[in-house]
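Each residue of the sequence shown is one higher than the last, beginning at -1 in this note's numbering.
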Amino acid sequence: IVAFFVVYAVGIAVALRLTLLLPARAIGDTSLTFKRTWNRTRGNTWRILWGLAACTAPPLLLVQIVYLVTTGFPNPATFAGEDFAAQMTAMSTVFIIYYLLILPIGIGFLSHAYRHFFLSGMEPVR
């Protein structure tokens, strides 16, 4: 189990560092390679992780708090009822729409990080 978590953490770290290729491709910068992205983001994995978390976690927590305030904590006695299924379906729909609305916040962070690492006048990485 420990080895699984280590492999999972390494996979997340690699994915975080390489996600800066997404804004580059979005603006048509096809000269950015995996190697160049990997070299330029060296030592910044934690900064990218915490920056992305700081941009996306507050809106996600906000909708969860609003859900708990409006509907209350789940009651195990009502899990089998039709009302519970209808409530979960409605809340899932609301959550999906809300998540689609806050998705640009994370995209904005990635765009800002791309500009920081690749367009801020740093010397080129070979």
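All residues carry an ideal CB built from backbone N, CA and C; glycine is no exception. This structure is a prediction, so every number in the text was calculated from the model and none was measured.
- Here the alpha carbon of LEU101 sits roughly 22 Å from the alpha carbon of PHE115.
- At least 8 Å separates the beta-carbon of ARG15 from that of THR28.
- Your pair LEU117 and LEU18 does not check out as a contact, with CB atoms roughly 11 Å apart and the cut at 8 Å.
- Rounded to the nearest whole angstrom, the C-alpha separation of ALA111 and ASP81 is 45 Å.
- For the pair ALA55 and ILE95, the Cα-to-Cα distance works out to about 16 Å.
- Spanning the alpha carbons of GLY49 and TYR65 requires a straight line of approximately 25 Å.
- Around the beta-carbon of THR39, 16 or more other beta-carbon atoms lie within 10 Å, marking it buried.
- Per the C-alpha coordinates, the member of CYS53, VAL12, VAL61, LEU20 positioned closest to ASN37 is VAL12.
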